[in-house]
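Notes follow the structure.
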Amino acid sequence: MLSGVAQGTVVGFDEPRGLGEITDADGHAYPFHCTRIADGSRTIAVGTDVSFVVVAGPLGRWEASEIRPSTGG
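Counted from 1, the sequence shown has number 239 at position 25 by our numbering; the numbering is strictly sequential.
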């Protein structure tokens with residue numbers, strides 16, 4: 215998924231470092247920093263289903279951005 219909104223699950227989050235990882239349905243993993251959580255909370259629980267946008271990160275890899283918990287609708 216390289217365009218539009220993707221769906222996935224938070225599979226890891228290190229709160230002290232602010233670093234996490236989301237995996238999509240195809241098994242692709244996307245790292246993220248807590249500042250990419252859309253509501254500004256800077257924390258999210260492991261196991262949370264989310265929507266996100268895939269962007270090119272500063273290290274040249276695909277990362278998750280605009281992360282929002284899924285509404286289930």
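Note that the Cβ used here is the ideal one computed from N, Cα and C, for glycine as well. Please read these numbers as outputs of a predicted model, since none were measured by experiment.
Using a Cβ-Cβ cut-off of 7 angstroms (strictly less than) and excluding sequence neighbours within five positions of residue i, which residues of its own chain qualify?
{"i": "G226", "result": "G234, E235 and V260"}
{"i": "E229", "result": "T257"}
Nearest-angstrom Cα distance between residue i and residue j?
{"i": "V268", "j": "T257", "result": "19 angstroms"}
{"i": "G274", "j": "V224", "result": "21 angstroms"}
{"i": "G232", "j": "G241", "result": "22 angstroms"}
{"i": "T285", "j": "W276", "result": "24 angstroms"}
{"i": "R282", "j": "H247", "result": "13 angstroms"}
{"i": "G222", "j": "A270", "result": "17 angstroms"}
{"i": "S265", "j": "T249", "result": "15 angstroms"}
Grab the span of the beta strand (DSSP E) containing residue i for me, first residue to last.
{"i": "P283", "result": "W276 to P283"}
Check the DSSP bridge columns for residue i and list the partner residues they point to.
{"i": "E235", "result": "G226 and P245"}
{"i": "S265", "result": "Q221 and R282"}
{"i": "A270", "result": "W276"}
Regarding residue i and the ligand MG, is the C-beta to nearest heavy atom distance less than 7 angstroms?
{"i": "S265", "result": "Annotation note on the ligand MG: not contained in the displayed structure, which lists no ligands."}
Quick one: what's got a C-beta closer than 6 angstroms to residue i's C-beta in the same chain, skipping five residues either side?
{"i": "P245", "result": "E235 and E277"}
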